[in-house]
Structures are given as structure tokens and as C-alpha cells.
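Here the sequence shown stands for residues 16 to 315, numbered as in our numbering.
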Amino acid sequence: MLLFQLCILPGATVVAQNSDTSKSSEPVYYSPGGTYSDWYFPAKEGYASLEWTFVPVADPPPSLAKQGLLHYYAYNFSLVNATGNIGSGYAGFQTNGVFKNSFQGKVINFSIWGSNGGKSKGMVNAANDESGGYQIMYQYNWTPGQQYRFELKQGPSGEDSLGKWWGLWVTNKSNGATDFIGEQRVPAVINGKSVVLWNAHTSMFGEDLHWWQSLNGHTKYKDQSSFQPSAMAAIDITANGGTIKPVKFVSFINSGKPVTGSNGFKSINSKVSIYQDTTTFNVQHNLGYWASPAPNYLKK
Numbered sequence: 016m017l018l019f020q021l022c023i024l025p026g027a028t029v030v031a032q033n034s035d036t037s038k039s040s041e042p043v044y045y046s047p048g049g050t051y052s053d054w055y056f057p058a059k060e061g062y063a064s065l066e067w068t069f070v071p072v073a074d075p076p077p078s079l080a081k082q083g084l085l086h087y088y089a090y091n092f093s094l095v096n097a098t099g100n101i102g103s104g105y106a107g108f109q110t111n112g113v114f115k116n117s118f119q120g121k122v123i124n125f126s127i128w129g130s131n132g133g134k135s136k137g138m139v140n141a142a143n144d145e146s147g148g149y150q151i152m153y154q155y156n157w158t159p160g161q162q163y164r165f166e167l168k169q170g171p172s173g174e175d176s177l178g179k180w181w182g183l184w185v186t187n188k189s190n191g192a193t194d195f196i197g198e199q200r201v202p203a204v205i206n207g208k209s210v211v212l213w214n215a216h217t218s219m220f221g222e223d224l225h226w227w228q229s230l231n232g233h234t235k236y237k238d239q240s241s242f243q244p245s246a247m248a249a250i251d252i253t254a255n256g257g258t259i260k261p262v263k264f265v266s267f268i269n270s271g272k273p274v275t276g277s278n279g280f281k282s283i284n285s286k287v288s289i290y291q292d293t294t295t296f297n298v299q300h301n302l303g304y305w306a307s308p309a310p311n312y313l314k315k
């Protein structure tokens with residue numbers, strides 16, 4: 016995927032959004048833009064836990080779900096000594112989760128590549144096509160404007176002969192209610208190397224699933240306003256129970272970049288934006304078309 020780096024002004028909250036797409040031969044069709052952030056903790060052998068807080072600033076309008084589409088804001092992580100097939104994963108808010116081809120409304124989507132076990136009171140898919148492992152979808156009716164603290168650490172099942180269990184907890188900071196989303200087991204040793212701690216590099220993406228329809232031109236979007244807006248802030252990024260903070264971060268958007276589908280159909284990624292604070296390393300990802308700038312939670 017083609018990306019470009021945002022300019023970062025030291026100590027300031029900045030708004031990053033590219034100008035209009037370059038003038039190309041008509042007609043011009045659009046695909047949804049994507050948002051990306053990366054955080055880097057101090058380099059060491061690894062971390063026992065990762066924590067982050069998501070704030071849904073604005074949900075997409077109901078029309079997005081009526082079209083059978085969704086937005087997904089995910090925090091990404093990988094275990095030390097992970098391979099391409101085992102040990103990387105994501106967890107986050109999905110506005111209309113798809114579980115075994117059925118829409119489930121608001122969910123937390125949690126999956127680790129190559130996981131060989133999964134437990135949850137929610138929905139468990141033992142054969143996730145994307146991750147090649149287990150997927151947990153947990154129905155969760157978040158409220159825009161409230162803070163939700165995610166904690167990824169060793170799960171209640173601990174370790175066994177097939178690996179280490181990693182659990183995910185989410186706390187609504189407005190009322191203190193904590194939900195145990197579930198746990199997934201990952202081999203503790205891969206290729207003779209220990210795989211029991213998290214890497215110092217984490218990231219986040221915002222994904223607009225309009226690309227299901229736009230990539231190969233099944234729906235030809237001539238106007239960027241076809242993409243419904245939403246926004247998600249990620250704040251208080253930490254590791255090891257909140258004791259370690261990142262030392263560096265960077266954000267990207269892919270607006271204005273050309274996209275070619277497998278059938279040769281060409282489109283251009285639409286405008287999206289990221290707000291970010293270079294003092295706190297907090298960010299806000301804004302997907303879709305905003306007629307006026309998205310409200311900036313980071314200024315609160």
C-alpha cells in the first residue's frame with residue numbers, strides 16, 4: 016500500500032490532510048482513504064503487557080451499516096520472534112462486525128495470527144481466513160465521547176503445553192465497568208525462539224470497508240462525499256501496566272494515491288485526516304468525508 020508521512024510539528028497538535036487529488040484524465044473514481052499511526056517504546060527484550068485507550072469521537076451514520084459496510088479502528092501488535100504467520104495481531108472497535116458472514120453490529124474484533132486456541136463469552140471463530148488462527152468478536156455497545164481502556168496481557172489460562180494464553184480486557188472509564196473480551200493461545204516457542212513478550216513497536220489503522228465495492232469498480236464512486244465519516248482517538252499508549260510510554264511515533268495517510276484493482280480498475284484514495292499531539296503522542300483518526308473538519312478530541 017502506498018503511504019506518505021505526515022509533517023509533525025514538535026510540541027503542537029497538528030491536522031494532517033492532503034490537498035485535492037491530482038488532476039488526472041476523466042473520469043475519476045474514488046476508493047476510501049486509510050489512516051495509520053506507529054508507536055515505538057524503548058528498545059528492550061520485550062513487554063509483558065500493552066495498553067491503550069480508544070475514544071470513539073464520532074460513529075458513522077446508520078447508512079453505512081445499511082449498505083453492508085463498516086469502519087474498523089484497530090491497534091496492532093506483535094510478539095518478539097513472531098513470524099509472518101504466527102504472533103502478530105490486532106484488537107479494536109468495528110462498527111458492524113462480520114462474523115461468519117453475518118453482521119453483528121458494534122463489536123470488539125480481536126485476533127492473533129496463528130493462534131491455536133480461543134476462549135470467550137462472545138463469538139469465537141476457530142478458522143479466521145485472514146489470520147489463520149482464532150478470532151474473537153465481542154458485541155460491545157460503546158458510547159461516543161467515552162474512554163475505553165484496552166489491556167492485553169497474559170490471560171487467565173496462563174501457559175500450557177501448546178503455548179501462552181493472551182487475554183484482552185476493556186474498561187469503560189466513565190463507570191469503571193470491565194469486560195473480559197477473551198483470550199487466545201499462541202505457541203510459546205517458534206523455530207526454537209521464545210515468543211512470550213510483546214515487541215516495542217505497535218501501531219493503529221483506520222479502515223473504511225467501502226473498498227469491498229470500490230477496488231474493482233463494482234461500485235464507481237465519483238464523489239468523495241459517498242464515504243460516510245467517523246473518528247476515533249487513541250490516547251495514553253503504554254506498556255507494562257502503564258509504566259512505560261513510547262519514545263517516538265509517526266502517522267501516515269494514503270489520500271490521493273492511485274489504486275489498481277485485480278481486474279485493472281483504477282481509482283484514487285479519498286481524503287482522510289489525522290490529528291496528533293507530539294507532546295502526548297495521542298492521535299485521532301478521521302475516516303470518510305467530513306464537510307467541515309472533524310471535532311478534535313485531542314484539544315479537550
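Just so it is clear, CB atoms sit at the ideal spot from N, CA and C, and this is done for glycine as well.
- Excluding five sequence positions before and after G178, the CB atoms of its chain that fall closer than 7 angstroms to its own CB belong to N131, R200, V201, P202, A203, given in chain order.
- By the C-beta criterion, the stretch 108-116 is judged to be in contact with the stretch 74-89, since at least 3 inter-stretch pairs fall below 8 angstroms.
- For W184, the enclosing beta strand (DSSP E) starts and ends at 178-187.
- The beta carbon of K235 sits closer than 7 angstroms to the beta carbons of Y44 from its chain, once the five residues preceding and following it are set aside; these are given in chain order.
- In the three-state scheme derived from DSSP, where H, G and I count as helix and E and B as strand, Q154 is classed as strand.
- A73 has A246 as its beta-bridge partners, per DSSP.
- Close CB contacts of E66 within its chain, under the 8 angstroms cut and outside five residues either way in sequence, are with R164, F165, E166, L167, D251, I252, T253, A254, G256, G257 (chain order).
- Residue pairing by DSSP puts L167 in a beta bridge opposite L65, L183.
- Contact between G221 and T68 is absent: CB atoms are separated by about 16 angstroms, not below the 8 angstroms threshold.
- In this chain, the alpha helix (DSSP H) harbouring S229 covers 226-229.
- N278 and S52 have their C-alpha atoms roughly 30 angstroms apart.
- Sequence-distant partners of G232 (beyond 5 residues in either direction) whose C-beta falls short of 6 angstroms from its own C-beta, in its chain, are F280.
- In this chain, the beta strand (DSSP E) harbouring A192 covers 192-201.
- V185 places its beta carbon 8 angstroms or farther from that of N96.
- In terms of Cβ geometry, V287 and A249 do not form a close pair [threshold 8 angstroms].
- Check the Cα spacing between S126 and each of G147, S117, Q119, K136: the tightest is with G147.
- Look at A254 here: in three-state DSSP terms it is strand.
- The criterion of a C-beta distance shorter than 8 angstroms is satisfied by A215 and K59.
- G61 and S93 have their alpha carbons spaced roughly 10 angstroms apart.
- By a beta-carbon distance limit of 8 angstroms, V70 contacts M247. Their separation comes to about 7 angstroms.
- When secondary structure is reduced to three states using DSSP, K134 falls in the strand class.
- Around K115, the same chain offers N140 as residues with beta carbons nearer than 7 angstroms, after the five sequence neighbours per side are excluded.
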